[in-house]
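I have placed the structure first, in the form of structure tokens, so that the comments after it can refer back to it.
Protein chains in written order, with the working numbering: chain B, 598 to 886; chain C, 73 to 311.
Written out as structure tokens, the structure is:
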């Protein structure tokens, strides 16, 4: 029982991680807390339905198309909304993402309706035994994807020129520009990455939560909590935070009752920020030389 | 024709007109010093050259072609690299990654590999520490890394903003030795901003002295070395 609760908690947590990491990646390169991150994923889920049902595409043809559209959505939001106001203060930027949040909610409701839809592809609840613990096939599938994406991100940030440049911009945007790094392009890339992660968050979550304009609202909040948990700058911190929240709320749901589930995430952040105000991994202080 | 030519350049530092009509030139392969007290407009001049601040008047030419108000990315591509004041190492990137960022604007893989070699031969300490984070290096090592990062752009003109700042004398002399070697062996022209007059006059062949945004003294360093008092009176230093 305990093992199963932990495993399914990890599975849910790995989906929170997709949102948490996207929040961190955008925040540390643009100082923007992107409230529309969940809606990118929600749009991706609806597009998934469109490609699967209306166009009768197969799952693995749908996936790259949704990723592409979702990255494009990130890029459009950067170009049309965020770039024109890039030099304003954080509150303006934050409010702009709130605007995008409402616009995407509205557009989705207008195009696809406000009622919930079932995702055409679901997974058997049939459990599989992993090291003696029973795990559902869907959970395994999601975890496998999350691990792959984590690996892809790691390789990207560590070994590719654009990945290293993204970290350089995080570190010191002024100097990055002086060294000839086109910071605006890197910021665009950052938003494309947010779209990439949202595509997986939406498609992987869709079979679990049903698809509706509000489907990501709770996940988004938990993604933030996880990002803050890790200190808002650290990708490993955000992943760890997301997994902890997934496991903790699942255990709370299993042993205390279902209605304690969501409260657990917030209780955790309150406790953490009380004792470690800079998050688990600490918000990096910008060191002045 | 000089490699770099500034003609009556004006530029602001924030809201202040920090550069008020500067003309100077850096010949191919030369070492030129830009001297001046704090706030004389030295850093703003360098920033105007590399595209980080806009110029409001005047011309900046590289090889006779105007480069004023191009983006830093385009100016780096044309062969001008900057070693910024205070070194500005990417502290969360490794030494090797810092160097790689110097080469961002380039596409020639083989050439970049060759230039890592050049930098590691020049500063063996960087090769030993290539996997360490930039932030973990000492001040002198960070200055070496900042110079190496500049070299990775394979510049024809390297701009250095106070490379001696805050370093021990023995480190300073080894860094200037490396700079002379770069100049001699690669033919890279250097434009060095310095507050340390002796150091600048010893290493450069020509110097300009700035005061409140204007050039007040210029000449070959041999000549200025003889008139050191004039230079020092403008700098406000006594020795």
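Positions of the beta carbon are idealized from the N, C-alpha and C atoms, including for glycine.
Check, Outcome
"Is the beta carbon of residue 90/C less than 9 Å from the beta carbon of residue 113/C?", "yes"
"Nearest to residue 88/C by alpha carbon, out of 260/C, 194/C, 127/C?", "127/C"
"Taking a cut of 8 Å between CB atoms, which residues from the region 772-800 of chain B lie near chain C?", "772, 773, 774, 775, 776, 777, 778, 779"
"If you measure beta-carbon to beta-carbon, which residues of the region 752-767 of chain B are closer than 8 Å to chain C?", "758, 761, 762, 764, 765, 767"
"Applying the criterion that 16 or more other CB atoms from any shown protein chain within 10 Å of the CB defines a buried residue, is residue 195/C buried or exposed?", "buried"
"Quick check on the DSSP output: the alpha helix (DSSP H) that includes residue 626/B runs from which residue to which?", "599-627"
"For residue 96/C, report the span of its beta strand (DSSP E) as first-last.", "88-98"
"Looking at chain C, is there any beta carbon in it that lies within less than 9 Å of the beta carbon of residue 684/B?", "no"
"Residues of the region 212-238 of chain C with a CB closer than 8 Å to any CB of chain B: list them in chain order, please.", "221, 225"
"Ends of the beta strand (DSSP E) at residue 133/C?", "127-134"
"What residue range is occupied by the uninterrupted alpha helix (DSSP H) comprising residue 170/C?", "167-174"
"Check whether the Cβ of residue 165/C lies closer than 9 Å to any Cβ atom in chain B.", "yes"
"Name, in chain order, the residues that DSSP records as bridge partners for residue 698/B.", "Looking at the DSSP assignment, residue 698/B forms no beta bridge with any residue, so it has no partner."
"By the three-class DSSP mapping on this structure, what secondary structure does residue 882/B have?", "Note that residue 882/B scores a pLDDT of 43, beneath 50, so its modelled location is shaky and nothing firm can be said."
"How is residue 661/B classed by DSSP in three states: helix, strand or coil?", "helix"
"Can you give the Cα-Cα distance for residue 859/B and residue 717/B, rounded to whole angstroms?", "27 Å"
"So what does residue 81/C bridge to, in DSSP terms?", "94/C"
"Could you check if residue 179/C is buried or exposed, using at least 16 other CB atoms within 10 Å of its CB as the buried criterion?", "exposed"
"Can you list, in chain order, the residues of its chain whose CB lies under 7 Å from that of residue 739/B, leaving out five sequence neighbours each side?", "608, 611, 612, 801"
"Just confirm the distance between the C-beta atoms of residue 627/B and residue 784/B, as a whole number of angstroms; I'd bet it's less than 8 Å.", "6 Å"
"Just grab the DSSP bridge partners of residue 286/C for me.", "283/C"
"For residue 718/B, name the three-state secondary structure that DSSP assigns.", "coil"
"Would you mind sorting residue 745/B into buried or exposed? The rule is 16 or more other CB atoms within 10 Å of its CB.", "exposed"
"Give a yes or no on whether the C-beta atoms belonging to residue 864/B and residue 839/B are separated by under 9 Å.", "no"
"Out of curiosity, what's the CA-to-CA distance linking residue 282/C and residue 109/C?", "8 Å"
"Hey, does residue 154/C have any beta-carbon neighbour from chain B nearer than 9 Å?", "yes"
"How about the region 681-695 of chain B and the region 787-804 of chain B: do they share at least three Cβ pairs that are nearer than 8 Å?", "no"
"Leaving out five residues before and five after residue 302/C in sequence, what residues of the same chain have Cβ atoms less than 7 Å from its Cβ?", "289"
"Can you give the beta carbon distance from residue 215/C to residue 159/C, rounded, assuming they're within the 8 Å contact cut?", "6 Å"
"Which residue comes first and which comes last in the beta strand (DSSP E) that contains residue 153/C?", "152-155"
"Return yes when the Cβ of residue 820/B is within less than 9 Å of the Cβ of residue 635/B, no when it is not.", "yes"
"Closest to residue 708/B by C-alpha separation, out of 624/B, 643/B, 814/B, would be which residue?", "643/B"
"Please confirm whether residue 769/B has its beta-carbon closer than 9 Å to some beta-carbon of chain C.", "yes"
"Put residue 293/C into one of helix, strand or coil per three-state DSSP.", "helix"
"Since residue 211/C is in the alpha helix (DSSP H), which residue starts that stretch and which ends it?", "211-223"
"In terms of residues, what are the limits of the beta strand (DSSP E) holding residue 713/B?", "Per DSSP, residue 713/B belongs to no beta strand (DSSP E) and is neither H nor E."
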